[in-house]
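Mapped onto UniProt numbering, the consecutive letters of the sequence shown carry residue numbers 1 to 840.
Every residue, glycine too, gets a C-beta built ideally from N, C-alpha and C.
Because the structure is a prediction, the values reported are computed rather than measured.
Beneath this line is the structure, given in structure tokens, with notes to follow.
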Amino acid sequence: MNDHLGHADHGVLSVEASAGDEGGLAAGLRDFLYGAWHMPHGHCYQWQPDLVALHVLSDALIGSAYLFISLTLYVLVRRIRLPFGGMILSFGVFIGACGLTHLMEVWNVWHSAYWLAGGVKAVTAVASVATGVYLLPFRRRVAEVVASARVSEERRVALEKSSQELEALYSRLKESEAQRTGFFANVSHELRTPLALILGPVERLLGREGLESRERKDLEVVRRNARVLLRHVNALLDVARLDAGQMRVSYAEEDLARRVRLCAENFEGLVAERRLRYTLELPSALPAQVDGDKVERVVLNLLSNAMKFTPEEGSIRVALSAEAGWGRLVVEDSGPGVPAELREVIFERFRQGEGGTVREFGGTGLGLAIARDFVTLHGGRIRGEERPGGGARFVVELPLVAPSGVQVQSRPEPRATPGAAHAELDVLRPTADAAEALPVREDDAFRPRVLVVEDTREMRRYVAESLAPDFRVATAVDGEDGLRQAEALRPDVIVSDVMMPRMGGDQLVREVRARAGLEATPILLLTARADDAMRVDLLRAGAQDYLVKPFLAEELVARVANLAVMKRTREVLRDALDARTADMEGLARELGLRKRQLEAALETTRSARRVAEQASESKGTLLRLVSHELRTPLSVLQLTQHALLRELGTLPPKPAEMFERLTRATTRLRDMTEMVLQYQQLEGGRLVARREPVDLVALVGEVLDEVRGEAERKGLELTLARPCGMVQARTDPRMVHLVVLNLMLNAVKYTQQGGVYVALEVAPDLRRVTVRDTGPGIPEEARARIFEPFQHLEPLDHKSKPGVGLGLTLVRELVSVLGGTVTLESEPGKGSTFTVELPS
């Protein structure tokens with residue numbers, strides 16, 4: 001009775017109170033909710049406020065959180081469509097039921113609705129069991145999801161690593177591209193100076209009266225090839241400026257029609273020589289705001305390209321029109337056209353429609369690429385397409401008005417600029433003239449016959465004239481002509497270029513070897529490509545020897561003579577063997593000897609192949625450009641200078657000085673080219689030291705003699721301090737010579753007064769070479785980078801000293817190959833000292 005009264009005291013209706021007021025179903029429901037027959041949980045807590053508050057708050061928070069989590073899971077499944085939605089919903093029902101259980105605990109603190117609380121717990125139990133049963137089939141799927149997540153994480157990590165590697169590669173690529181652009185600019189800058197020193201004296205010599213026809217012709221060969229070389233250098237310089245973002249468009253008021261007409265008129269002489277139909281469809285005037293010089297380069301490049309590929313008696317059409325504020329230039333030709341798959345490729349740098357060794361025209365593959373870049377700088381478009389009726393058509397579209405806000409200058413009427421056009425014509429004309437007839441001697445019938453196959457007229461004439469004193473010489477202009485003449489003349493030796501139109505030198509070798517009666521004819525190949533893989537392929541195909549341009553005439557004659565003697569000797573031996581058919585024993589001995597010789601030759605060939613096959617892959621576009629497009633005209637320059645000097649004899653002081661300057665400039669150009677090639681070999685790891693006993697005193701003395709002339713010209717003193725007697729070392733004399741020569745040339749170049757002092761010292765297990773100068777010295781901040789490639793103490797725009805920035809790099813790399821060290825000590829204003837230590 002006391003419990004009952006306590007219950008009523010805390011606000012719950014007693015049984016008596018409820019029974020007196022209501023009955024039936026309502027009373028039962030009230031009893032079910034309020035539990036009038038039982039005590040609430042508050043009695044268990046003895047109605048202590050702190051204890052009641054603890055249980056009420058904790059159960060209320062837990063229940064509310066469970067209900068919120070359940071509702072959140074429902075919303076996520078409905079809106080986001082998470083995987084395993086059914087499982088998540090069942091889990092939400094279970095969590096929600098648990099929350100109701102905790103809320104019932106709060107209700108029963110003041111009430112005793114234990115039947116209702118039991119029902120809620122029963123629902124919770126059913127939900128929990130159902131959720132557990134529902135989870136059983138998901139174990140495999142969950143395992144698969146976990147495995148997929150693990151694989152996805154591994155892929156993410158791999159992707160991040162690949163992304164980092166890609167960023168590093170991109171960074172190195174940008175650095176390499178910047179170095180390449182700087183190298184192009186530096187080399188182009190250095191080449192233009194000696195070219196100017198070549199063209200200047202040649203122009204003055206050509207302007208003199210009284211020159212013999214032969215002398216004038218040789219000088220014209222020098223001028224023509226120097227112009228071709230200058231054209232390539234200018235193209236490289238344009239590429240460097242474009243890559244560096246330094247190429248700007250200088251807009252000016254121009255008559256576009258007159259500018260195109262002046263460019264087209266430069267080719268009229270060549271058009272007449274080839275009997276071409278040359279059509280110009282130009283308006284009387286077409287005002288435009290463009291960069292006239294760049295537009296001129298575009299027109300010249302397109303016309304030069306059309307002239308290259310248009311056959312004799314073909315047609316070329318140039319049309320200019322204005323359409324809706326745009327100028328439209330069309331250049332068409334009746335040549336072979338451009339295949340559809342190459343119409344985008346031909347506008348890429350160093351790419352050409354021709355490939356391999358079959359090339360009718362030289363070039364760097366930059367003409368159309370530069371044209372595209374110049375058109376793009378104007379905001380225009382250029383494309384290549386097929387000409388109706390066959391051939392190629394190039395369409396250039398340029399805006400006639402400069403962009404708003406750009407300054408447009410007024411410019412006088414354009415004048416003819418033959419310089420740029422002459423360079424294009426010099427590329428197109430050399431193969432147009434026929435080969436010159438060579439004088440016939442009385443003893444021609446007894447001399448070996450040599451067939452010279454060369455598509456470049458000047459080179460063909462030079463090779464033929466070099467061989468004419470000792471051989472009967474016939475010439476051919478390409479591989480097909482050479483094959484016909486070889487079958488008709490049966491020469492003793494064939495001298496052939498590699499890269500020629502219609503049939504290259506490599507294909508000529510294979511065709512000659514397949515012809516009966518020609519399979520034993522020795523073949524000497526002339527190549528301007530420093531390509532190890534190609535040389536190995538040519539030797540495999542059957543070529544006996546090769547020469548890399550530029551070469552000396554004496555070396556050419558000696559090699560051809562050796563091949564001719566071998567051919568004649570083989571024929572004599574063959575005839576002798578045919579005459580001694582009865583002497584079987586002698587024949588057997590002869591055959592045995594020939595077999596051993598053949599086996600030795602085969603073993604030598606195999607060794608050569610193994611060594612050659614271990615060489616690196618063919619060099620990049622830059623090396624091919626330097627070795628072919630620069631060395632070919634350079635070889636013609638050097639060889640023609642030697643021939644011209646022999647023809648002129650003793651010259652008066654003024655022409656002799658001019659000729660000496662011409663020779664020095666050509667030699668400097670050759671040295672820079674060879675320095676680039678040496679660096680490429682070092683960079684590719686293809687330079688191996690060949691050690692032998694060397695007298696360093698004699699070697700350093702030779703280097704001093706080489707640089708003495710330049711030192712005396714500058715008034716410098718050269719001294720050598722050395723121990724008594726010989727200073728022996730087992731090393732590579734060629735590499736040591738290059739190291740000392742580069743250090744001496746560097747010292748002489750930067751020293752204006754005083755002298756250069758060389759010292760040789762002998763120490764235990766090493767030899768020390770010291771080169772000291774009294775030049776300006778090297779700043780401390782520059783010493784760390786002075787041995788890096790293409791580095792200079794002066795900015796490129798303000799250089800006063802020649803050089804490509806490879807001399808000290810070669811010194812460091814060569815000394816490293818030899819197993820030594822090189823150090824630098826320098827004090828600004830007092831000079832520098834380089835010390836090389838080599839193992840003994």
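By the neighbour-count criterion, in which a residue is buried when 16 or more other Cβ atoms sit within 10 angstroms of its Cβ, residue 58 is exposed. The stretch 751-767 makes contact with the stretch 716-732, as at least three CB pairs between them are under 8 Å. With a cutoff of 8 Å on beta-carbon distance, residue 38 and residue 45 are scored as not near each other. Each of 337, 725, 338, 370 was checked against the Cα of residue 349, and the nearest Cα belongs to 370. Judged by DSSP in its simplified three-state form, residue 451 adopts strand.
Residue 765 sits close to residue 839, with the two beta carbons spaced by under 8 Å.
Pairing residue 780 with residue 748 gives a Cβ-Cβ distance that is not under 8 Å.
Non-local beta-carbon contacts of residue 823 in its own chain, meaning distances under 7 Å to residues more than five positions away in sequence, involve 835 in chain order. In this structure, residue 647 lies near residue 215, with their beta-carbon atoms less than 8 Å apart. Excluding its 5 nearest sequence neighbours in each direction, residue 708 has C-beta neighbours in its own chain below 8 Å: 718, listed in chain order.
Cα atoms of residue 229 and residue 201: separation of roughly 16 Å, rounded to the nearest angstrom.
At a Cβ-Cβ threshold of 8 Å, residue 451 and residue 479 do not count as neighbours. Per the Cβ contact rule, the stretch 320-335 is in contact with the stretch 392-402 (3 or more Cβ pairs under 8 Å).
Between residue 636 and residue 735, the beta carbon gap of about 30 Å keeps them out of contact (Cβ cut-off 8 Å). Residues of the same chain with a CB within less than 7 Å of the CB of residue 538, apart from the 5 flanking positions on each side, are 506, 509, 525, 546 in chain order.
Per the C-alpha coordinates, the member of 309, 398, 729, 491 positioned closest to residue 295 is 398.
Excluding the 5 residues flanking it on each side, residue 559 has same chain C-beta neighbours closer than 8 Å at 524, 545, 547, in chain order.
If you look at residue 548, you'll find it isn't in any alpha helix (DSSP H); it sits in the beta strand (DSSP E) that goes 545-548. The C-beta of residue 118 has fewer than 16 other C-beta atoms within 10 Å across all chains shown, which makes the residue exposed. In the displayed model, residue 840 falls within coil according to three-state DSSP, outside both helix and strand. In terms of CA proximity to residue 284, 321 leads the group 321, 124, 703. Secondary structure at residue 763: strand, using DSSP grouped into helix, strand and coil. Our two residues, residue 127 and residue 86, have alpha carbons roughly 13 Å apart in a direct line. A direct Cα-Cα distance of roughly 12 Å separates residue 147 from residue 155. A Cβ-Cβ distance of about 7 Å is found for the pair residue 640 and residue 462, placing them in contact under the 8 Å criterion. Between residue 756 and residue 732, the gap from beta carbon to beta carbon reaches 8 Å or more. The C-beta of residue 467 has 16 or more other C-beta atoms within 10 Å across all chains shown, which makes the residue buried. Distance from the CA of residue 572 to the CA of residue 485, rounded to the nearest whole angstrom, comes to 24 Å. Assignment of alpha helix (DSSP H) within the stretch 700-788, counting only whole runs of 4 or more residues, yields 733-750, 780-783 in chain order. Sorting 833, 737, 143 by C-alpha distance to the C-alpha of residue 810 places 737 at the top. Counting other Cβ atoms within 10 Å of its Cβ, residue 454 reaches 16 or more and is therefore classed as buried. Of the candidates 120, 658, 746, the residue whose Cα lies closest to the Cα of residue 807 is 746. Taking 8 Å as the upper bound for CB-CB distance, residue 100 and residue 120 are in contact here, some 5 Å apart.
Short of 7 Å from the beta carbon of residue 820, and not among the five residues preceding or following it, lie these beta carbons of its own chain, in chain order: 836, 837, 838, 839. In this structure, DSSP gives residue 278 an extended state, which the three-state scheme calls strand. A straight line joining the alpha-carbon of residue 166 with that of residue 149 spans about 25 Å.
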